[in-house]
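Asker: This is the structure I want to talk about, given as structure tokens.
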Amino acid sequence: MKLEVTRVIDDEGRVVHPEREPQLSADEMRRLYRTMLLVRILDERMMRLRMQGRMGFYLTSLGEEATHIGAAHALHDSDWIYPAYREIGAALFRGYPLSTFMCQLFGNSEDPVKGRQMPVHHSVRRLNFVSVSSPVGSHIPHAVGTAWAAKLQKSQDVALAFFGEGASSTPIFHVSANFAALYKVPAILLCRNNGWAISVPSSDQTATPTFAQKAIAYGMPGVLVDGNDILAMIHVVREAAERGRRGEGPTLIEARTYRRGAHSSSDDPSKYRDPAEPKEWERRDPIDRFLKYGTARGVFDVEFVAQTRQEINREIGEALVYAENRPPKPPLHSLFEDVYAEVPRHLREQAALLEAEIAKHGDKIPPHG
Ligand SMILES: Cc1ncc(C[n+]2csc(CCOP(=O)(O)OP(=O)(O)O)c2C)c(N)n1
Ligand SMILES: [Mg+2]
Numbered sequence: 572m573k574l575e576v577t578r579v580i581d582d583e584g585r586v587v588h589p590e591r592e593p594q595l596s597a598d599e600m601r602r603l604y605r606t607m608l609l610v611r612i613l614d615e616r617m618m619r620l621r622m623q624g625r626m627g628f629y630l631t632s633l634g635e636e637a638t639h640i641g642a643a644h645a646l647h648d649s650d651w652i653y654p655a656y657r658e659i660g661a662a663l664f665r666g667y668p669l670s671t672f673m674c675q676l677f678g679n680s681e682d683p684v685k686g687r688q689m690p691v692h693h694s695v696r697r698l699n700f701v702s703v704s705s706p707v708g709s710h711i712p713h714a715v716g717t718a719w720a721a722k723l724q725k726s727q728d729v730a731l732a733f734f735g736e737g738a739s740s741t742p743i744f745h746v747s748a749n750f751a752a753l754y755k756v757p758a759i760l761l762c763r764n765n766g767w768a769i770s771v772p773s774s775d776q777t778a779t780p781t782f783a784q785k786a787i788a789y790g791m792p793g794v795l796v797d798g799n800d801i802l803a804m805i806h807v808v809r810e811a812a813e814r815g816r817r818g819e820g821p822t823l824i825e826a827r828t829y830r831r832g833a834h835s836s837s838d839d840p841s842k843y844r845d846p847a848e849p850k851e852w853e854r855r856d857p858i859d860r861f862l863k864y865g866t867a868r869g870v871f872d873v874e875f876v877a878q879t880r881q882e883i884n885r886e887i888g889e890a891l892v893y894a895e896n897r898p899p900k901p902p903l904h905s906l907f908e909d910v911y912a913e914v915p916r917h918l919r920e921q922a923a924l925l926e927a928e929i930a931k932h933g934d935k936i937p938p939h940g
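Mapping of the sequence shown onto our numbering: position 40 corresponds to residue 611, and the numbering continues sequentially without gaps.
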């Protein structure tokens with residue numbers, strides 16, 4: 572079977588499917604462009620900080636910005652987002668403050684997740700941007716469960732799970748897709764097919780030519796989309812969300828994109844892939860394509876781009892200074908919080924013991940292990 576790749580613009584930003592073109596205001600276009608550029612510049616600067624040893628770990632979204640920022644625009648602010656680790660732009664689009672973003676990377680005293688997660692594993696409760704799960708695919712049933720709850724409560728909310736094509740090889744993806752279609756829940760399963768799962772090419776994940784077509788077996792629509800075309804992303808996610816809100820159940824979307832960077836700061840892709848491959852994808856850069864589209868409409872110009880770049884760099888610099896000047900660790904008592912509504916007796920005793928030991932030995936306490 573052959574699925575069409577949904578597109579609105581071509582690689583030069585020219586509209587090829589006007590009937591699908593979302594009608595965006597100039598302000599909406601500027602916000603979309605700004606958020607994509609923010610993620611791009613953050614990725615460059617944070618990766619450099621990692622290389623300087625100022626931070627423990629980092630993951631970029633280089634070349635994949637349109638997949639999640641387009642999706643975030645297409646949703647209502649109250650809809651639920653269950654991210655993997657390469658979709659931070661969706662939270663930034665919804666208003667995640669850069670200072671909090673930085674504090675999370677350092678796991679410092681103002682990290683909302685209190686240093687318990689790896690860097691880049693953000694949670695933004697007030698934005699319905701749910702905690703990133705490190706075990707790949709493990710958040711997909713959570714999204715489906717949330718969509719089921721929305722259906723039972725007749726709330727009109729939709730839940731979207733982002734995951735990579737590698738995650739589609741986990742058993743839980745299949746269980747979740749089956750359940751979502753069977754119970755007709757308003758879920759969007761958005762597979763970012765970026766070509767690689769660390770060193771494993773996407774061709775090693777499945778015998779089917781597309782991931783989108785798996786939807787047919789579960790009994791839901793399967794949509795293939797150009798993930799580097801932000802307008803196409805908005806179009807298909809909007810349609811999927813509307814189907815969900817009308818009670819027509821879930822949609823599986825495969826967004827075709829490419830991971831131009833390393834898997835993470837701990838990875839070296841020169842060991843397993845031809846460097847010409849990421850170069851080839853630079854021609855289809857999602858930010859450049861949207862810039863050309865917006866420039867042709869008179870919304871963007873050289874001055875706007877230069878000014879936006881300057882503002883972003885200043886804001887990142889300020890957020891960095893803020894985060895690097897916070898107390899470096901969450902308070903000790905936070906170790907004992909959040910598992911129980913009230914800290915039980917045995918944990919209170921352990922906390923008291925720990926504090927007494929620290930008071931006695933100070934910084935001479937040997938590290939754990
Ligand atoms: C269950 C599980 N297995 C293995 C890993 C190690 N791991 C982390 S990311 C990753 C690759 C995932 O690839 P994909 O789903 O395509 O997402 P991408 O990194 O390309 O965005 C793997 C194997 C993990 N975190 N969890
Ligand atoms: Mg992948």
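Ideal Cβ placement from N, Cα and C applies to all residues, glycine included.
Please list the terminal residues of the continuous alpha helix (DSSP H) segment that includes Thr822.
Answerer: First-last for Thr822: Thr822 to Arg827, but that is the beta strand (DSSP E), not the alpha helix (DSSP H).
Asker: Alpha carbon to alpha carbon, how far is Gln921 from Pro654?
Answerer: Their backbone Cα atoms lie some 35 Å apart in a straight line.
Asker: Quick check on this structure: which residue in Ala748, Thr781 and Ala890 has the alpha carbon closest to the alpha carbon of Pro821?
Answerer: Of the listed residues, the one whose Cα sits closest to Pro821 is Ala748.
Asker: Whose C-beta lies closer than 7 Å to the C-beta of Leu608 among residues of the same chain, with five residues either side of it excluded?
Answerer: Excluding sequence neighbours, Leu608 sits near Ile858, Thr879, Arg880 and Ile883.
Asker: Mind reading off the beta-carbon distance from Leu795 to Val576? Whole number of angstroms is fine, and I expect it under 8 Å.
Answerer: With a Cβ gap of about 5 Å, Leu795 and Val576 count as contacting.
Asker: Name the one or two DSSP bridge partners that Gly793 has.
Answerer: Leu823, per the DSSP bridge assignment.
Asker: Taking the alpha-carbon positions, what's the Leu574 to Arg816 distance?
Answerer: If I take the Cα positions, the gap works out to 25 Å.
Asker: Does the distance from the C-beta atom of Phe744 to that of Ile711 stay below 8 Å?
Answerer: In this structure, Ile711 lies closer than 8 Å to Phe744 by Cβ.
Asker: Have a look at Thr741 and Asn765 and give me their C-alpha separation to the nearest angstrom.
Answerer: Straight-line Cα distance between these residues: approximately 17 Å.
Asker: Taking 7 Å as the limit, tell me which residues put their C-beta closer than that to any heavy atom of ligand 2, in chain order.
Answerer: Qualifying residues come out as Gly735, Glu736, Gly737, Arg763, Asn764, Asn765, Gly766, Trp767, Ala768, Ser773 and Arg830.
Asker: Using the rule of at least 16 other Cβ atoms within 10 Å of the residue's Cβ for burial, across every protein chain shown, is Ala923 buried or exposed?
Answerer: Exposed, because fewer than 16 other Cβ atoms sit within 10 Å of the Cβ of Ala923.
Asker: What did DSSP end up calling Gly940 once you bin it into helix, strand or coil?
Answerer: Bear in mind that a pLDDT of 36 at Gly940, under 50, signals an unreliable position, so the model cannot answer this.
Asker: If you follow the alpha helix (DSSP H) that Tyr864 is part of, which residue opens it and which one closes it?
Answerer: Looking at the DSSP string, the run of the alpha helix (DSSP H) that includes Tyr864 is Pro857 to Ala867.
Asker: What do you get for Lys785, buried or exposed, if any count of 16 or more other CB atoms within 10 angstroms of its CB means buried?
Answerer: So Lys785 ends up on the buried side.
Asker: Can you tell me where the beta strand (DSSP E) with Leu760 in it begins and where it stops?
Answerer: Ala758 to Asn764 is the extent of the beta strand (DSSP E) around Leu760.
Asker: CB of Pro690 to nearest heavy atom of ligand 1: below 7 Å?
Answerer: Because no heavy atom of ligand 1 lies under 7 Å away, the Cβ of Pro690 does not count as near it: no.
Asker: Look at the alpha carbon of Pro941 and the alpha carbon of Ser739, and state the distance between them as a whole number of angstroms.
Answerer: The chain is shown from 572 up to 940; residue 941 falls before or after that span and cannot be answered.
Asker: Ligand 1 and Ala783: does the residue's C-beta get closer than 7 Å to at least one heavy atom of that ligand?
Answerer: No, the Cβ of Ala783 stays beyond 7 Å of every heavy atom of ligand 1.
Asker: Just checking my contact of Val579 with Leu802 at CB under 8 Å: how many whole Å lie between their CB atoms?
Answerer: Rounded, the Cβ-Cβ distance is 4 Å, consistent with contact.
Asker: Relative to the C-alpha of Lys900, which candidate in Val746, Asn679 and Pro846 has its C-alpha closest?
Answerer: Nearest C-alpha to Lys900: Asn679.
Asker: Just the Cα atoms here: how many angstroms apart are Phe750 and Val807?
Answerer: So the alpha carbons of these two residues sit roughly 22 Å apart.
Asker: Can you check whether the CB of Ile887 is closer than 8 Å to the CB of Leu633?
Answerer: No, these two residues do not count as a Cβ contact at 8 Å.
Asker: Enumerate, from N- to C-terminal direction, the unbroken beta strand (DSSP E) stretches of 3 or more residues contained entirely within the segment 608-692.
Answerer: The segment 608-692 contains these whole beta strand (DSSP E) runs: 651-653.
Asker: For Gly888, report the span of its alpha helix (DSSP H) as first-last.
Answerer: That run of the alpha helix (DSSP H) goes Val873 to Glu895.
Asker: Between Arg697, Asp598, His647 and Trp651, which has its C-alpha nearest Thr671's C-alpha?
Answerer: Minimum Cα distance to Thr671 is reached at Arg697.
Asker: Candidates Asp856, Leu906, Glu810 and Lys850: which alpha carbon is nearest Arg591's?
Answerer: Among Asp856, Leu906, Glu810 and Lys850, the Cα nearest to that of Arg591 is on Glu810.
Asker: Nearest to Ile759 by alpha carbon, out of Pro589, Phe871, Val701 and Glu825?
Answerer: Comparing Cα-Cα distances from Ile759 to each of Pro589, Phe871, Val701 and Glu825, the minimum goes to Glu825.
Asker: In terms of alpha-carbon separation, which member of Tyr656, Val701, Arg621 and Met673 lies closest to Arg897?
Answerer: Comparing Cα positions, the closest option is Met673.
Asker: Skipping 5 residues on each side, what residues in its chain have a beta carbon closer than 7 Å to that of Arg860?
Answerer: Only Ile580, Asp582, Gly584, Asn799 and Asp800 meet the Cβ criterion.
Asker: Taking 7 Å as the cut-off, does the CB of Val707 come closer than this to any heavy atom belonging to ligand 1?
Answerer: It does: the Cβ of Val707 is within 7 Å (strictly closer) of some heavy atom of ligand 1.
Asker: What is the residue span of the alpha helix (DSSP H) that Phe744 lies within?
Answerer: From DSSP, the alpha helix (DSSP H) with Phe744 extends over Pro742 to Leu753.
Asker: Thinking just about the alpha-carbon of each residue, which of Pro757, Ser694, Lys725 and Val691 is nearest to the one in Ala714?
Answerer: Comparing Cα positions, the closest option is Pro757.
Asker: Can you list, in chain order, the residues of its chain whose CB lies under 8 Å from that of Arg907, leaving out five sequence neighbours each side?
Answerer: Looking at the sequence itself, residue 907 is Phe, so the reference to Arg does not match. Contacts found: Val914, Leu918, Arg919, Gln921 and Ala922.
Asker: Please say whether Arg665 and Ala637 have beta carbons closer to each other than 8 Å?
Answerer: Against a cut-off of 8 Å, the Cβ pair of Arg665 and Ala637 comes out as no contact.
Asker: Which two residues bound the contiguous beta strand (DSSP E) that contains Ala720?
Answerer: Per DSSP, Ala720 belongs to no beta strand (DSSP E); it is in the alpha helix (DSSP H), Ile711 to Gln724.
Asker: Determine the closest residue to Val703 out of Gln675, Lys722 and Gln727, with distance taken between C-alpha atoms.
Answerer: Cα-wise, what sits closest to Val703 is Gln675.
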